[in-house]
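Residue numbers (this note's numbering), protein chains in the order written: chain H, 117 to 500; chain X, 117 to 500.
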């Protein structure tokens, strides 16, 4: 029986994690949950899975929840609450699925605790990859990625020799605007950008998929997860989202992992690692249609290039990239700026980022804060 | 430095094996070679690679060769010569690439010797899979397949748990007649059938690719190589021959191996196993065109179904299948029978095969001999 802590249980990864756990009551026990502000769903999850410790973002929600769930469950709140959930009773697996930079500290806490970190919060590695991986190495924690691409890479690496890798190839659906003419990008509405062709995800990551910035963050994440140089990480557009990613070896051999586009696949892989379990995911029918691949259009999707730039620059640059993107995407979703302004806001912010080696969490959070301010200023300049 | 014996050095696998070895003079040393009757090429190979023992099919060729290569090379001939080459000086790797049933005994000798058997001769496993695998287990030999499909399966299995396998999926190009209307099959000429869309191979295996019997033999081979039941082995037509085969796991995940269709890939994998080496194979460009998959048409290609039948029947039935096919394909290539007669000849032969558990080489070779006689009789009945 594995004990599981989930950070972000009411988000789409959290919900799907509980869907997988529900299939295997003999295998998993939920010991702690953290969520944002979706009180109703969180209360229902607590009722069903009976964790002993839970946490919400705000104190007032925590107070409300306490009166609902009664004294048998300890209710915390805020960043410290999330960190407590991350490591409560030394869980076998901590699922880190809080969206955004807020996921960093609880992920770091889990990495220090030494169990399996099922990592959906890519910002932890984008912002502080060297720190998180160093802590994991020190404690013996295993970071198992919970996005489809990195899970595919991990599954395409097991059993093969590290020194035989030529490069990894992250696949990208290309998002909803893959075939839209670039001159029409300026008219893209949030509603259009929120319709992802293959994946059902949160709003932020859906917009990031439409700009390909999401793929850029994944490139940075891969750099840390698999200890690769930027040149060893490629991106290939694959509109069908069946081949979830690939590893090319020096003999010309490519190992890939495929499956239906369903997050329960990588979630189950991380929960049961190194075993595999039933997921409830329908089998992948390869006869349904052809699998296509093309090089990404870096002109149409400049955010991908910006991410490579930030990775190559290193230090706090990826943190600034991520912060600027969070601000820009929010501004786009709120109708403040055009879709095409997102990359400019990020670029503007990156040029203002002070050099810093990003060796401490303080440096990173400071760069994050400054970048947000700069990005907000950049938003003002291009406001509609 | 690995010592290598090659059985069938003048065939297409043998030539490509030497092409790979030529790239890595610091890594491989050819110690023994066996070939059929291509004296000129064989003499040139001996001159270049300097094996200490060689063997040809016929005594008269061996005598001729002796006078060419001089006394520094020992020249043998016949089945015993090939067996000597297979095990000479306990090679690290024996490449078993003699075509047809003639490859069985030298393969068995190599399996008993305990090194790596780089197995291109699929008949060894089709005829005597249980015996060859049992001997390999006893001696500690590792059978590494040298056809693209089984190499892909092996590469998609390493590092994963045996108990997590749901099924393997062998891909098939579908051969040159995939889209030819079935009513026109009767007009297929040997010349047409010898044109394979993707692979450059010998005549027998090219015709077998056109009938899909080759895929059937691979199903039987896979049964033994990977210890699977017939129901755990599927076939999927994939005209581009880029995905060389796949393994589906119980969580819905499919691991596949891809690459350019070039035999140097699987050959190099087997030679260097468990490492990978440069192959000279051009990188696989996935942007060249879509990858398509479809279910095989068992009506148009009845030989595939016959192979599954023979595998399920077990005993000497696969040996009879293989023998009947060798006879039928030769008759087709010599213009004796129509392309469409091949499956009928095999079916006729299978119904006449006496039950036998195939536990001994004698039983198998006897079934093989009787099946050839029956197949020749069946050929006479449908002769053009």
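Backbone N, C-alpha and C fix where the C-beta goes; we use that ideal spot for every residue, glycine too.
Rounded straight-line distance, which links the Cα of residue j to that of residue i
{"i": "residue 156(X)", "j": "residue 497(X)", "result": "39 Å"}
{"i": "residue 473(H)", "j": "residue 421(H)", "result": "21 Å"}
{"i": "residue 302(X)", "j": "residue 236(H)", "result": "58 Å"}
{"i": "residue 256(H)", "j": "residue 304(H)", "result": "46 Å"}
{"i": "residue 297(H)", "j": "residue 370(X)", "result": "34 Å"}
{"i": "residue 329(X)", "j": "residue 293(X)", "result": "13 Å"}
{"i": "residue 148(X)", "j": "residue 154(X)", "result": "16 Å"}
{"i": "residue 191(X)", "j": "residue 171(X)", "result": "5 Å"}
{"i": "residue 486(X)", "j": "residue 283(H)", "result": "53 Å"}
{"i": "residue 391(H)", "j": "residue 280(X)", "result": "8 Å"}
{"i": "residue 321(X)", "j": "residue 196(X)", "result": "25 Å"}
{"i": "residue 495(H)", "j": "residue 128(H)", "result": "29 Å"}
{"i": "residue 499(H)", "j": "residue 300(H)", "result": "19 Å"}
{"i": "residue 423(X)", "j": "residue 333(X)", "result": "7 Å"}
{"i": "residue 107(X)", "j": "residue 447(X)", "result": "One cannot answer for residue 107(X) here, as it falls past the ends of chain X, which runs 117 to 500."}
{"i": "residue 443(X)", "j": "residue 152(X)", "result": "19 Å"}
{"i": "residue 174(H)", "j": "residue 150(H)", "result": "11 Å"}
{"i": "residue 378(H)", "j": "residue 264(H)", "result": "8 Å"}
{"i": "residue 480(H)", "j": "residue 430(H)", "result": "12 Å"}
{"i": "residue 202(H)", "j": "residue 347(X)", "result": "44 Å"}
Identity of the residue in the options nearest residue i by Cα
{"i": "residue 527(H)", "options": "229(H), 363(H), 327(H), 495(H)", "result": "Since the displayed chain H opens at 117 and closes at 500, residue 527(H) lies outside it and no answer follows."}
{"i": "residue 504(X)", "options": "139(X), 174(X), 210(X), 454(X)", "result": "Outside the displayed range of chain X (117 to 500) lies residue 504(X), so it cannot be described from this structure."}
{"i": "residue 262(H)", "options": "250(H), 225(H), 214(H)", "result": "214(H)"}
{"i": "residue 194(H)", "options": "219(H), 185(H), 412(H)", "result": "219(H)"}
{"i": "residue 397(H)", "options": "132(H), 127(H), 117(H)", "result": "132(H)"}
{"i": "residue 367(H)", "options": "384(X), 363(X), 479(X)", "result": "384(X)"}
{"i": "residue 441(X)", "options": "179(X), 295(X), 324(X)", "result": "324(X)"}
{"i": "residue 272(X)", "options": "346(H), 152(H), 143(H), 363(H)", "result": "363(H)"}
{"i": "residue 268(H)", "options": "451(H), 357(H), 306(H)", "result": "357(H)"}
{"i": "residue 432(X)", "options": "239(X), 234(X), 232(X)", "result": "239(X)"}
{"i": "residue 445(H)", "options": "310(H), 249(H), 347(H)", "result": "310(H)"}
{"i": "residue 466(H)", "options": "488(H), 343(H), 393(H), 376(H)", "result": "488(H)"}
{"i": "residue 306(X)", "options": "249(X), 259(X), 452(X), 341(X)", "result": "452(X)"}
{"i": "residue 393(X)", "options": "345(X), 144(X), 123(X)", "result": "144(X)"}
{"i": "residue 483(X)", "options": "449(X), 458(X), 450(X), 437(X)", "result": "437(X)"}
{"i": "residue 258(X)", "options": "208(X), 295(X), 217(X), 221(X)", "result": "208(X)"}
{"i": "residue 376(H)", "options": "365(H), 418(H), 355(H), 344(H)", "result": "355(H)"}
Assigned exposure category for residue i - 16 Cβ within 10 Å defines buried
{"i": "residue 331(H)", "result": "buried"}
{"i": "residue 382(H)", "result": "buried"}
{"i": "residue 274(X)", "result": "exposed"}
{"i": "residue 403(X)", "result": "exposed"}
{"i": "residue 168(H)", "result": "exposed"}
{"i": "residue 277(X)", "result": "exposed"}
{"i": "residue 206(H)", "result": "exposed"}
{"i": "residue 138(X)", "result": "exposed"}
{"i": "residue 183(X)", "result": "exposed"}
{"i": "residue 179(H)", "result": "exposed"}
{"i": "residue 471(X)", "result": "exposed"}
{"i": "residue 399(H)", "result": "exposed"}
{"i": "residue 177(H)", "result": "buried"}
Proximity below 8 Å, CB of residue i to CB of residue j
{"i": "residue 134(H)", "j": "residue 121(H)", "result": "no"}
{"i": "residue 435(X)", "j": "residue 224(X)", "result": "no"}
{"i": "residue 136(H)", "j": "residue 159(H)", "result": "no"}
{"i": "residue 251(H)", "j": "residue 228(H)", "result": "yes"}
{"i": "residue 412(H)", "j": "residue 288(H)", "result": "yes"}
{"i": "residue 477(X)", "j": "residue 247(X)", "result": "yes"}
{"i": "residue 165(X)", "j": "residue 146(X)", "result": "yes"}
{"i": "residue 361(X)", "j": "residue 461(X)", "result": "no"}
{"i": "residue 380(X)", "j": "residue 395(X)", "result": "yes"}
{"i": "residue 353(H)", "j": "residue 290(H)", "result": "yes"}
{"i": "residue 491(H)", "j": "residue 454(H)", "result": "no"}
{"i": "residue 359(H)", "j": "residue 372(H)", "result": "yes"}
Anything in the segment 402 to 433 of chain H with a Cβ closer than 9 Å to a Cβ of chain X? List those residues in chain order, please. 402, 403, 404, 405, 406, 407, 408, 409, 410, 411
Taking only beta carbons into account, state which residues of the segment 129 to 160 of chain X come closer than 8 Å to chain H, listed in chain order. none
Contacting positions in the segment 368 to 388 of chain X - beta carbon closer than 7 Å to chain H: 368, 369, 370, 371, 372, 373, 374, 375, 376, 381, 384, 385
Near-chain H residues of the segment 277 to 303 of chain X - C-beta to any C-beta below 7 Å: 277, 280
Residues within the segment 442 to 454 of chain H neighbouring chain X, beta-carbon criterion of under 9 Å: none
Listed from N- to C-terminal order along the chain, which residues in the segment 236 to 251 of chain H have their beta-carbon within a distance smaller than 8 Å of any beta-carbon of chain X? none
Anything in the segment 347 to 358 of chain H with a Cβ closer than 7 Å to a Cβ of chain X? List those residues in chain order, please. 352
Could you name the residues of the segment 390 to 401 of chain X whose beta carbon sits closer than 8 Å to any beta carbon of chain H, in the order they occur along the chain? 390, 391, 392, 393, 394, 395, 397, 398, 399, 400
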